[in-house]
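Only one structure is covered here, and it is reproduced in the block below.
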Amino acid sequence: MSDPVSRYELNSKLAVQDARLDAAMHQMLGIVTRMEQTCIDIRADNKAMEARFDARFLSIDAKFDRMDAKFDSIDSKFDSIEKKFSSLKTTMIVTGIGTALTVVFGVGSFNATLTSNMLAAFQVAASNQQHTRTSMAEPQAVRPPLASPQPAPPTDTEKIPPPEAPR
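Here the sequence shown is numbered in the numbering used here, starting from 31 and rising by one per residue.
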């Protein structure tokens, strides 16, 4: 067997070993304490960031709500403009049809007037030609010109001024 170790040496070695273990344990406890504090700090930072994000999301939601309201307003304005354009389109179509009918009836009435006038002119010419033929065939007596009407005699209520003498 090997050397026996005395109780004193054994106790001193155990005390040194115990001191090392205590130091390592205190060091580990310090690390654990720092880690716990770091975790607490991280949780606090996370809560602060969560609060900031919540506020940011609320402001973004408010912006989206305002944008939705604006889009709804724009959409309603667009619908009213679309309705106005559809009535304008109807007005333009009716006006175009009215103009076309006016032109057609105007040209038709102008043609009817020309045709009527030409027919009347031909009838007058035919009647004059027939009258000329008959008057050439039979000479008629010349009629005296009609006498011009005499002025009416003045009444008592009217006073005629005397004629002026020549100067």
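All C-beta atoms, glycine included, are put in the ideal place defined by N, C-alpha and C.
{"Check": "Distance, Glu39 Cα to Gln67 Cα", "Outcome": "42 Å"}
{"Check": "Alpha-carbon to alpha-carbon, Asp98 and Ser89", "Outcome": "14 Å"}
{"Check": "Span separating the alpha-carbon of Met31 from that of Thr63", "Outcome": "Note that Met31 has pLDDT 49, beneath the 50 cutoff, so the model's placement of it is unreliable and the number below is only indicative. One C-alpha to the other measures close to 47 Å."}
{"Check": "Rounded straight-line distance, which links the Cα of Ile70 to that of Asn84", "Outcome": "As written in the sequence, residue 84 is Asp, which differs from the Asn given in the question. Answer to the nearest angstrom: the Cα atoms are 21 Å apart."}
{"Check": "Three-state secondary structure assigned by DSSP to Val62", "Outcome": "helix"}
{"Check": "For Lys114 and Ser106, the rounded distance between their alpha carbons", "Outcome": "12 Å"}
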